[in-house]
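**Q** Below you'll find the structure I mean.
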DNA sequence: TATTATTACGTTAGGCGTAAAGATT
DNA sequence: AATCTTTACGCCTAACGTAATAATA
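Protein chains in written order, with our numbering: chain A, 601 to 895; chain B, 601 to 895.
Following this line, the structure appears as structure tokens:
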């Protein structure tokens, strides 16, 4: 039977044109190549080489054999990759969220609940998420609004409310609530990678400019050094302290308060179990302390 | 790297469901199977089995691996077959002739001219032959009429003339020439596998019946035992003797005399060389003795 | 008890590298 | 002389089979 190692050496020889070259490319000795070429020839059962006393070259059949070898090797590599990918997919739960904040509580819970699995998470467009969950492209989705779908389980589990942070010397300081309409026209510092909030802000305050900061350190520095407005929410308080000269004013528009929904396939038992745990935890969490977190 | 032998053992295990079964199916020992399954598992780099103390079964990933193994094995077998077929094709010259008689002289000549090649011949419809030669489906064609075609070499090399054999007591006996029109309506013994002659006879003598004989012995017996007419030609005299009570009367219609043409691709050097040899031989042949041969 | 997988062990075949030879440019 | 393939030789890994072990139904 053919041997994949032999085929690899055959293609190496085809690439180099000389046994010596192929040998050093593969970090093996020339005699090994000579032997392998003989073996592969008898494996195929037909002559593949034109042999000069000092020269070995592929004949026409040999070129065919090389071409075939390449496809077989590609098939083998593909098989290996496919199986590994399948295994990885089987042992990871992929989460796609419309915003980062819900992940801060969801991911630790999932880790606790599925200690043998790798958890991968990413942000995605809310509009895409239901189809991706339904199609198996990911296992769990986090949405800012309910989604219906055949075989989908959708469960509210967390609320997040947007506030704006103003410096004490800012014209808006002292207000105890604000609306998007009142904020429209002011310029904001905005963190990158905040999911659907970006779009929401741009739509709600079309007259404002948003200075998107990719780097966290830059963002924090700008908070201190400027009087620009920025956003924060009531969730995930531990990551960041609000500077002392800033005050936090809630935004009262209904869109500024979001209820996150957990989404998974009903057929996915593990995720449904996680959903149950989430439902239990939701009550406790709302009783816990809330700090603020900058967006 | 994956090993095709290992993959084969994996699929055998998948087919049998048990190492013991697979072992005897493959004529190897169980421990070998155990080892191979471990090796294939570490080749893929992911677990493929659920292991009970007394039971080994494929897990979900394992089933994937088996499926992949089958495709890789199929690719490997396909590669082997393809290369072998290519080699065979490269070392055979395929001849397709419109009739058997020209092969009697052509095949020996080709053998002499290409001693390292296998020569395969078959009969084909004259209408198909030019396209098959041009397309490489065969290397040499023998036609009863000229064919044009880009890159095709077409060379007349042999004539064959049809006669009819009548018994001394037959009404047509004593004639020294005949036409299809005169023969139309009589019944004939006709050998099978005579190429385009069959169609020619049926078209030229639509009122006749042709008793087609596949077996040569049967045909010879019927010649002796009946007064039925049959055909012969001036070619390839050595194969058969004409019974003493039969006389041979030439058919004078122009279609009854055929000039065979040798057809090959101009790009095929070996066949062009053979064509040259044929051209040389054509002269000698026409000077040689002619006997008759039954169709 | 019969069946099956795994481990242990001794043997052997086959593959590799070094070294030398043969041949070509 | 330099380059390349092939042959020769010795080592050693690794794959195999037998036999023993363990565990299950």
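For every residue, glycine included, the Cβ atom is placed at its ideal position computed from N, Cα and C. Note that the structure is predicted; figures quoted are calculated from it, not measured.
Run down chain B in chain order and give the residues with a C-beta less than 9 Å from the C-beta of residue 613(A).
**A** Neighbours of residue 613(A) on chain B: none; closest Cβ ~16 Å, over 9 Å.
**Q** Pop quiz: residue 856(B) and residue 761(B) are said to be a contact at Cβ under 8 Å. What is the actual Cβ separation, rounded to whole angstroms?
**A** Contact between residue 856(B) and residue 761(B) holds: their C-beta atoms lie close to 6 Å from each other, under 8 Å.
**Q** May I ask you to check if the CB of residue 687(B) is nearer than 7 Å to at least one heavy atom of the ligand SAM?
**A** For the structure depicted, the ligand SAM is absent and the ligand set is empty, with no information on it obtainable.
**Q** So within the segment 627-704 of chain B, which uninterrupted alpha helix (DSSP H) runs reach at least 4 residues, ignoring any that extend past its ends?
**A** Within the segment 627-704 of chain B, the complete alpha helix (DSSP H) runs of at least 4 residues are 630-644 and 660-690.
**Q** What do you reckon, are the CB atoms on residue 668(A) and residue 683(B) nearer than 8 Å?
**A** Taking 8 Å as the Cβ cut-off, residue 668(A) and residue 683(B) qualify as a contacting pair.
**Q** I want to verify the contact list: residues of chain B whose CB lies under 7 Å from the CB of residue 657(A), in sequence order.
**A** Within 7 Å Cβ-Cβ: nothing; residue 657(A) doesn't reach chain B, min ~16 Å.
**Q** Count Cβ pairs between the segment 780-787 of chain B and the segment 850-867 of chain B that sit closer than 8 Å; are there 3 or more?
**A** yes
**Q** Could you tell me if residue 685(B) is buried or exposed, where buried requires 16 or more neighbouring beta carbons within 10 angstroms of its beta carbon?
**A** Exposed is the call here.
**Q** Is there at least one Cβ from chain A nearer than 8 Å to residue 693(B)'s Cβ?
**A** no
**Q** Use the C-beta contact count for residue 615(A): other C-beta atoms within 10 angstroms, 16 or more gives buried, fewer gives exposed.
**A** exposed
**Q** Locate the alpha helix (DSSP H) running through residue 735(B), then write down its first and last residues.
**A** 729-735
**Q** What does the alpha-carbon distance come out to for the pair residue 938(B) and residue 633(B)?
**A** Past the boundaries of the shown model lies residue 938(B); chain B is included only from 601 to 895, so the question cannot be answered.
**Q** Just by C-beta distance, which residues in the segment 612-645 of chain A are closer than 9 Å to chain B?
**A** 643, 644 and 645
**Q** Could you give the C-beta distance for residue 675(A) and residue 675(B), rounded to a whole number, given that I count them as a contact under 8 Å?
**A** 4 Å
**Q** At the 8 Å Cβ level, is residue 664(B) part of the contact set with chain A, yes or no?
**A** yes
**Q** Residues of chain A with a CB under 8 Å from the CB of residue 684(B): which are they?
**A** 644, 645 and 646
**Q** Judging by CA-CA distance, which residue of 655(B), 645(B), 644(B) and 642(B) is the nearest neighbour of residue 613(B)?
**A** 655(B)
**Q** So residue 874(A) packs on residue 753(A), CB below 8 Å; how close in whole Å?
**A** About 11 Å separates the two Cβ atoms, so there is no contact after all.
**Q** Is any beta-carbon of chain A found at less than 8 Å from that of residue 870(B)?
**A** no
**Q** Since residue 718(B) meets chain A, which of its residues come closer than 7 Å, beta carbon to beta carbon?
**A** Simply none; closest approach about 13 Å.
**Q** Is there a Cβ from chain B that is less than 8 Å from the Cβ of residue 603(A)?
**A** At least one chain B Cβ lies under 8 Å of residue 603(A).
**Q** With DSSP as the reference, label residue 814(A) as helix, strand or coil.
**A** In this structure, residue 814(A) counts as coil in the three-state DSSP scheme.
**Q** In the structure shown, what three-state DSSP assignment does residue 870(B) receive?
**A** helix
**Q** Can you list, in chain order, the residues of its chain whose CB lies under 8 Å from that of residue 885(B), leaving out five sequence neighbours each side?
**A** Here residue 885(B) scores only 49 on pLDDT, less than 50, and its place in the model is too uncertain to base an answer on.
**Q** Buried or exposed: which applies to residue 811(A), given that a residue is buried once 16 or more other Cβ atoms fall within 10 Å of its Cβ?
**A** exposed
**Q** Between residue 863(B) and residue 747(B), is the Cβ-Cβ spacing less than 8 Å?
**A** Taking 8 Å as the cut-off, the Cβ atoms of residue 863(B) and residue 747(B) count as close.
**Q** Look up residue 778(A) in the DSSP assignment and say whether it is helix, strand or coil.
**A** Three-state result, residue 778(A): strand.
**Q** Please state whether DSSP places residue 711(A) in a helix, a strand or coil.
**A** helix
**Q** Does the distance from the CB of residue 833(A) to the CB of residue 724(A) come in under 8 Å?
**A** no
**Q** Compare the Cα-Cα distances from residue 630(A) to each of 719(A), 609(A), 641(A) and 673(A) and report the closest residue.
**A** 609(A)
**Q** From the DSSP secondary-structure annotation, give me the bridge partner or partners of residue 741(A).
**A** 696(A) and 863(A)
**Q** Residue range of the alpha helix (DSSP H) that residue 803(B) falls in?
**A** 796-804
**Q** Just how far apart, CA to CA, sit residue 868(A) and residue 696(A)?
**A** 16 Å
**Q** For a cutoff of 8 Å on Cβ pairs, would you count residue 690(A) as touching chain B?
**A** yes
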